[in-house]
Every structure is written in structure tokens, then in C-alpha cells.
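What follows is one structure encoded as C-alpha cells, with my remarks underneath.
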Amino acid sequence: MRTVTTKRELRAALAQNEATPRVLVPTMGALHVGHASLLRQARELAGTRGCVVASVFLNPTQFNQAEDLEAYPRTPQQDADLCEACGVDILFMPDAQQMYGDDRTVSVHEGELSRTLCGASRPGHFDGVCLVVAKLFNLVQPTDAIFGEKDYQQLAVLRRMVRDLDFPITLHAAPIVREKDGLAVSSRNVRLSSECRKLAPQLYASLQSAAEAYRRGATVGATCEQVKRQLEMLSGVKIDYVQLVHPVTLRSMAVESVGEFPALLAAAVFFGGVRLIDNIQIPSFS
Ligand code: AMP
């Protein structure tokens, strides 16, 4: 594995490895088993002849709270070790100055899918994601890129960006990796207190039982209420949103609606101040 920290070094490393497919996995570091599954999927997709490029960049433009960025875990050495173990060929680890300089004046704005779900409470977040991913696409020029369904809205927004800006890149979705108790693995989980860590699996459990109720004919409104009721009983838990939306347009479904498939049940919930997200896809029945 070759580790590079500047755009110039990246260009040189890529010039020496023009193998295709070239598969990119963008991350913000503090890598865990969820990221490892994306990296392994990338290795598989690239095969023995192709090239896997991973990036570790804690992207300031997608944080709307300085404290959140400050508190984000940083583990560069472990990240490099994990990338190597997962078969990455080139690891790009730039700093913010390298990535953005200090006089950037151009941005990327997605104006529809970003307004709902997490975008409603994190203004500017998805523009920051689009900006950094567009830059990575231009720098790396991959044939393929892999993103996790854990951040479902991010995947939907990036699919739209690829479509609307004609990036010649195929996006692949990776399934959510969970702890044994169902909690979606996340870099933020280490910030949970031990009490909140015990309660956090309730997020997925509540989504699962509500998704089942929806499949059996519950209304959109009743389905979301069921998740809220189950979580609001827990101490220290505050709900940001629980919503049933269309999985491509992310448009909300009418509260009285029943049996609209496919659907996505998504939630963001604070456990003692740590914001966790999760989702369940509810496909069409054949
Ligand atoms: P992040 O470092 O949080 O920006 O995540 C980098 C990539 O890993 C994103 O595409 C995430 O969706 C994905 N990812 C993070 N956690 C998981 C998980 N538990 N399961 C699947 N993918 C994940």
C-alpha cells in the first residue's frame, strides 16, 4: 500500500497504477468494521488487477458545529493499518489546507434531497459532502465508488450529484454493518455513555418492529409514531426525526397513506447528546 498526503503525490501514485477498475472508498477516518466491509467490497470489485483507493479526510465543510468536528475521533495509524489489511493500494490522507487551500470560492449545492431528514437539522452538511466527494472524484478519477447505506441520505444525494453533473462513475451501496445487538457501527458510538450504549440498540429494534407493522398495513403516521413512542420512554433520549420516505426521491409519504412500497424508514435520535442515525429499507413485495 502506498500512503500519500498531497495531491501531487496522489497524482504520481495514480500515474503508476492505471489499472481498472479503479475503486474509491471515501472515509473520514476512525475506521471500524463498517468501513472495513466497504474496503473489502472495493477489493473484490477491483479484483486482483484493479486498483483500490481509500481516502481518510476529516472534512470540515460537512460539519456545521465546530464542537462536533473537534470531538470527532482521530486514529490515523490504526486507519492506515486497517486499509493495508483490507487490500487498499493507495491511501490518500490529506489535511484541510491541502484539500481546500484558503481562498476557495466555488461550492456544490444539491437543492432537493438535502432539505429533508438529516439535511433539515444539519444545514449545509450535504453541500459539504458533495463538495468533498466531487473533489475526490476529480482527483482520483475512479471508475467506481462505494458508500454505505448507513448514511442512506448521503448515498441518495451523491447518486443525484453523479447523475446531474455527469460523473462517469458507478456508485455502489454497501449494507449496514451492525454490532451483535443490532446497533449500527459508527465512529460516534465510542462517545456514548455506558447507560446510553445499553439503550442505543433500541433504535434499530424500534425501526424493525415499526417496519413490520407498516408491512402489515399500518399507516405511515402510525408507523412513525410507534418508533417515537418506543424511544421516548427511554431516559436521556431525544428524537430528531422519524420519517417514512420514498427511497429515491426522499419525499415524505402522507401520514394516512398505507402500503406504499418501496419505502425507507429513517430516524435520527440523540442518546445523551450523541446523535445516531439508522434506517430500514422496506422493499416492494413480489
Ligand atoms: P464516514 O467515515 O463516517 O464518512 O463513513 C465512510 C463510509 O463508510 C460512508 O460511505 C459510510 O456510509 C460508511 N459506513 C460507516 N459506517 C458504516 C456501517 N456501520 N455500515 C456500512 N457502512 C458504513
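Counting from 1, position 193 in the sequence shown corresponds to residue 236 in the working numbering; the numbering is continuous, with no gaps.
From the three backbone atoms N, C-alpha and C, an ideal C-beta is built for every residue, glycine too.
Beta carbon of residue i nearer than 9 Å to that of residue j
i, j, result
"Asp122", "Val95", "no"
"Ser230", "Pro116", "yes"
"Leu274", "Ser249", "yes"
"Leu235", "Ile133", "no"
"Val200", "Val172", "yes"
"Val220", "Val228", "yes"
"Arg86", "Val66", "yes"
"Ala58", "Leu82", "no"
Identity of the residue in the options nearest residue i by Cα
i, options, result
"Glu110", "Val317, Asp321, Ser327 and Asn322", "Val317"
"Phe190", "Leu174, Asn322, Pro69 and Ser295", "Pro69"
"Thr118", "Met136, Leu201 and Thr91", "Met136"
"Leu88", "Phe180, Ala55, Met204 and Thr213", "Thr213"
"Asp283", "Ala306, Gln184, Lys193 and Ala310", "Ala310"
"Asn60", "His75, Met44, Pro103 and Ala139", "Met44"
"Gly72", "Pro64, Val66 and Leu112", "Leu112"
"Gln251", "Ile219, Leu308 and Ala216", "Leu308"
"Asp334", "Ala62, Phe106 and Gly90", "Residue 334 lies beyond the range of the chain shown here (44 to 329); nothing can be said about it."
"Ala243", "Phe313, Val288 and Thr148", "Phe313"
"Ser150", "Met204, Cys129, Glu268 and Asp224", "Met204"
Three-state secondary structure (DSSP) of residue i
i, result
"Lys38", "With the chain represented from 44 up to 329, any question about residue 38 goes unanswered, as that position is not in the structure."
"Gln31", "For residue 31 there is no data in the structure shown, the boundaries of the chain being 44 and 329."
"Ser329", "Any answer about Ser329 is weak, because its pLDDT of 48 lies below 50 and its placement is not dependable; what the coordinates show is given next. In the structure shown, Ser329 sits in coil (DSSP, three-state: anything other than H, G, I, E or B)."
"Asp187", "strand"
"Asn232", "helix"
Notebook entry, point to check: Does the stretch 256–269 come close enough to the stretch 298–317 to have 3 or more Cβ pairs within less than 8 Å?
Noted result: yes
Check: For the 8 Å Cβ check, are there 3 or more pairs between the stretch 237–257 and the stretch 319–327?
Finding: yes
Notebook entry, point to check: Fully enclosed by the stretch 85–159, which alpha helix (DSSP H) runs are 4 residues long or longer?
Noted result: 109–114, 119–128 and 139–143
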